[in-house]
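Data first, discussion second: the structure below is written as structure tokens.
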Amino acid sequence: MGYQWFEPVLSAYSPREFYFSKFRDRGDPMDFTMERKLRVGISACMYGSKVRYNNKGWDMLEPLGRERNDFIWHPVCPEVLAGLGVPRDSIRITGPSGSDVWKGEAKVMSSGGREVTKSLMNSSEFCIKLLKEARIDAFIYMEGSPSCGVYRTTLRDKRLGKPPGVFGHKLLEEAFFLIPAADLQSPLRWWDWRRRLYAFAWLKDAPLENKADLYAIWHRMKFVCQEVDQVNARAFGHRIANLEDPMTSGQLEALRFEILMMLRKPSTPARIKNMLWKNYTHVRKKLGQDVEGINKPEDERGITKIAEELILMERVAFENDILMGTTPISNRGRRGR
Numbered sequence: 000m001g002y003q004w005f006e007p008v009l010s011a012y013s014p015r016e017f018y019f020s021k022f023r024d025r026g027d028p029m030d031f032t033m034e035r036k037l038r039v040g041i042s043a044c045m046y047g048s049k050v051r052y053n054n055k056g057w058d059m060l061e062p063l064g065r066e067r068n069d070f071i072w073h074p075v076c077p078e079v080l081a082g083l084g085v086p087r088d089s090i091r092i093t094g095p096s097g098s099d100v101w102k103g104e105a106k107v108m109s110s111g112g113r114e115v116t117k118s119l120m121n122s123s124e125f126c127i128k129l130l131k132e133a134r135i136d137a138f139i140y141m142e143g144s145p146s147c148g149v150y151r152t153t154l155r156d157k158r159l160g161k162p163p164g165v166f167g168h169k170l171l172e173e174a175f176f177l178i179p180a181a182d183l184q185s186p187l188r189w190w191d192w193r194r195r196l197y198a199f200a201w202l203k204d205a206p207l208e209n210k211a212d213l214y215a216i217w218h219r220m221k222f223v224c225q226e227v228d229q230v231n232a233r234a235f236g237h238r239i240a241n242l243e244d245p246m247t248s249g250q251l252e253a254l255r256f257e258i259l260m261m262l263r264k265p266s267t268p269a270r271i272k273n274m275l276w277k278n279y280t281h282v283r284k285k286l287g288q289d290v291e292g293i294n295k296p297e298d299e300r301g302i303t304k305i306a307e308e309l310i311l312m313e314r315v316a317f318e319n320d321i322l323m324g325t326t327p328i329s330n331r332g333r334r335g336r
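Following numbering that gives the first Met the number 0, the numbering of the sequence shown begins with 0 at its first residue and continues without gaps.
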């Protein structure tokens, strides 16, 4: 991600209205608990709204069960807001990509031969404005859409198409925390996205006034960052250790942005499984006893079982005030689950 998106990201996430001020006023150490519900934008067709060109939609949140109530949802559909209607002709990008649409080097055409470039650009900008005003913490997008797709803009034969989509380009430009809707169907992938989303949402509003704050934040975030990209995360840690103090607000915010970008990258099942056991051995040592229900790394089991073990480990760690490094931020609402 480019540094040119740094200022828009900060302005999109202001003001910082959380609970952090009360800890500052009392002189308490930094709190690493998420108290509020996160605000999540979502492609409306993934929320269940029948707004696709063929009058269809899918409730991709159904696998979340009651957990969907932990979030405040903001469905948007750039194509409907472009005035295309339901049902409608399908659309496609003619030219290199959706990014080139914004440069005037590509067009958006309907299957009926109608150009809808300007309408879709206007509605995409309007959707971004709505999402920023709502101060969303993340956006769940429909991959494969010429409007909302990020890394793929066609569903047919699993071809990539001409990514990103027109709206997808704006989502990337704003550096939102982006989650593909299909990953909500996988318990393990959703666990990975969720733990990093809570860390991302917490960090973007956390107090950061000096190098001591930066150290405290990095100590909390470094484990998940190292899991995803050990080389870059370790290099980042060495770099901040060598920075002179006092640091300017500009330096601190630039470093915050770097950590935010690291948290946007997904992990892999193999890395997650490996870190599950490392976390377990740490928690077991702190507790002085085994945690029933955690399997050894060599034990065969499916991703659903691994996700269940991770949630169990989170609960045990949070209830006993033990840092589970790969889930750096505690969501108080999930403690009893």
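Ideal placement from N, C-alpha and C gives every residue a C-beta, glycine not left out.
- When DSSP assignments are scanned along the region 250-300, the uninterrupted stretches of alpha helix (DSSP H) that are 4 or more residues long and fall wholly within it turn out to be 268-286.
- Within the region 70-108, the alpha helix (DSSP H) runs of at least 4 residues that lie entirely inside it are, in chain order, 77-80, 97-101.
- Check the Cα spacing between residue 256 and each of 178, 216, 56, 290: the tightest is with 216.
- Around the C-beta of residue 226, 16 or more other C-beta atoms lie within 10 Å, and the residue is accordingly described as buried.
- Distances from the CA of residue 259 to each of 248, 224, 113, 246 were compared; the closest alpha carbon is that of 224.
- Taking the Cα positions, residue 61 is about 34 Å away from residue 100.
- Separation of the CB atoms of residue 196 and residue 37 is rounded to 7 Å, and the pair is thereby assigned contact status at 8 Å.
- Only residues of its own chain outside the window of five on either side were considered, and among them none has a CB closer than 8 Å to the CB of residue 65.
- Of all alpha-carbon atoms in 233, 171, 152, the one lying nearest the alpha-carbon of residue 127 is that of 171.
- Look at residue 137 here: in three-state DSSP terms it is strand.
- Using a C-beta cut-off of 8 Å, the region 154-167 makes no contact with the region 279-292, since fewer than three inter-stretch Cβ pairs fall below that distance.
- Scanning its chain for C-beta atoms nearer than 7 Å, with the 5 sequence neighbours on each side dropped, one finds around residue 53 the residues 86, in chain order.
- Counting every other CB atom within 10 Å of its CB across the protein chains shown gives residue 232 a total of 16 or more, marking it as buried.
- Around the beta-carbon of residue 97, 16 or more other beta-carbon atoms lie within 10 Å, marking it buried.
- Our two residues, residue 314 and residue 168, have alpha carbons roughly 37 Å apart in a direct line.
- Between residue 42 and residue 81, the CB-CB gap reaches or exceeds 8 Å.
- Here residue 236 carries a helix assignment [DSSP, helix/strand/coil].
- Taking 8 Å as the cut-off, the Cβ atoms of residue 325 and residue 194 count as close.
- Residue 115 carries a coil assignment under DSSP once its states are collapsed to helix, strand and coil.
- Around the CB of residue 188, 16 or more other CB atoms lie within 10 Å, so the residue is classed as buried.
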